[in-house]
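Residue numbers (the numbering used here): 4 to 178. Don't be surprised by glycine CBs; every beta carbon is placed ideally from N, CA and C. Remember, it's a predicted structure, so these values are computed and weren't measured experimentally. Below is one structure, written out as structure tokens; comments come after it.
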Amino acid sequence: MLKYSTILFFAFIEFYPYGVLSKPVDFVKKLREVGTLVTEIAEKLQEPPESFERIGSKFYYIETIQKKNWFSARNTCRRMGGNLANIQNSEELIVIKRHAKINREEHYWLDITDLADEGQFVSSTTGESATFLKWAWTDPNNLNGVEDCVDLYRDLMQDDNCKAKKYYFICEAGN
Ligand SMILES: [Ca+2]
Ligand SMILES: [Ca+2]
């Protein structure tokens, strides 16, 4: 009896890695591999488009080379996989304005516009009312009746001429 038990024991040891018992182990291993792959894909999908960087809690791209009018800036952000930046609160404004790429003496187009309805500032991406506006003391003044796009200048927002003015711009990923 002991003999048979010993043979069975060694047979088990011998065949465990390759035999019938290894198949469920392989299956579990494969499942784990698939799980890891799914996690990696999910993480990739959450990554921002190329050239965007994390600034505070969001991913932004700050253009500092080519100035464009508002429409062209918006198209550029979209081609890059984002939208013009829609600043939601003072915390977001603070991290952006402190960023090394931001020059206070330059203007940067944002997502907000009153093109559709004068004086009603909305996000061009969502169509919803702007949730956060921090105007310069002279603005919004709709100068000459043609200022319908919002830019950031000296840490504050201004309405400006969407077509005629060429400025740098800030894109954000998502939204
Ligand atoms: Ca206006
Ligand atoms: Ca203005």
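TODO: Run the CB neighbour count on Arg77, radius 10 Å, all protein chains shown included, and call it buried at 16 or more, exposed below.
DONE: In the sequence shown, counting from the first residue as 1, residue 77 sits at position 74. Buried, by the Cβ-count rule.
Open item on the list: DSSP has Arg82 in a bridge; who is on the other side?
Closed with: On the sequence shown, position 79 is the one that residue 82 refers to. According to DSSP, which records beta bridges pairwise, Arg82 is partnered with nothing at all.
TODO: Over the uninterrupted beta strand (DSSP E) stretch that includes Leu136, give me the two end residues.
DONE: Working through the sequence shown from its first residue, we reach residue 136 at position 133. Looking at the DSSP string, Leu136 is not in any beta strand (DSSP E), and its letter there is neither H nor E.
Open item on the list: Quick check on this structure: which residue in Tyr111, Lys33, Glu131 and Phe135 has the alpha carbon closest to the alpha carbon of Asn165?
Closed with: Locating residue 165 in the sequence shown gives position 162, where the first residue counts as 1. Asn is not the amino acid found at residue 165; the sequence shown has Cys there. Looking at the Cα atoms, Tyr111 is the closest of the given residues.
Open item on the list: Check whether the stretch 133-140 and the stretch 35-54 are in contact - that is, three or more C-beta pairs closer than 8 Å.
Closed with: no
Open item on the list: Please return the same chain residues whose Cβ sits closer than 7 Å to the Cβ of Asp114, not counting the five positions on each side in sequence.
Closed with: Stepping through the sequence shown from its first residue, residue 114 is reached at position 111. For Asp114, where only same-chain residues beyond five positions count, the Cβ hits under 7 Å are Asn86, Leu87, Ala88, Asn89, Ser126, Ser127 and Thr128.
TODO: Can you tell me which of the three DSSP states Lys184 falls into?
DONE: Nothing can be reported for residue 184: it is not among the residues displayed for the chain, which extend from 4 to 178.
Task: Under 8 Å between C-beta atoms of Asn72 and Lys169 - done: Within the sequence shown, residue 72 is the residue found at index 69, counting from 1. Within the sequence shown, residue 169 is the residue found at index 166, counting from 1. Cβ atoms of Asn72 and Lys169: closer than 8 Å.
TODO: Give the range of the beta strand (DSSP E) segment to which Leu146 is assigned.
DONE: For this step, residue 146 is matched to residue 143 along the sequence shown. First-last for Leu146: undefined, no H or E at that position.
- [ ] Please classify Ser126: does DSSP put it in a helix, a strand, or coil?
- [x] For the purposes of this step, residue 126 is taken as the residue at position 123 of the sequence shown. Of the three classes helix, strand and coil, the one that applies to Ser126 here is strand, per DSSP.
TODO: Return yes when at least one heavy atom of ligand 2 lies under 7 Å from the C-beta of Asn147, else no.
DONE: The count along the sequence shown starts at 1 and reaches residue 147 at position 144. Every heavy atom of ligand 2 is 7 Å or more from the Cβ of Asn147, so no.
Open item on the list: For Val149, count the other beta carbons within 10 Å of its own beta carbon; 16 or more makes it buried, fewer makes it exposed. Which is it?
Closed with: Residue 149 sits at position 146 when you count from the first residue of the sequence shown. The residue in question, Val149, is exposed, as its Cβ has fewer than 16 Cβ neighbours within 10 Å.
- [ ] Rounded to whole angstroms, what's the CA-CA distance from Pro27 to Glu46? Just pull it up for me.
- [x] For the purposes of this step, residue 27 is identified with residue 24 of the sequence shown, where counting begins at 1. For the purposes of this step, residue 46 is identified with residue 43 of the sequence shown, where counting begins at 1. For Pro27 and Glu46, the distance between alpha carbons rounds to 29 Å.
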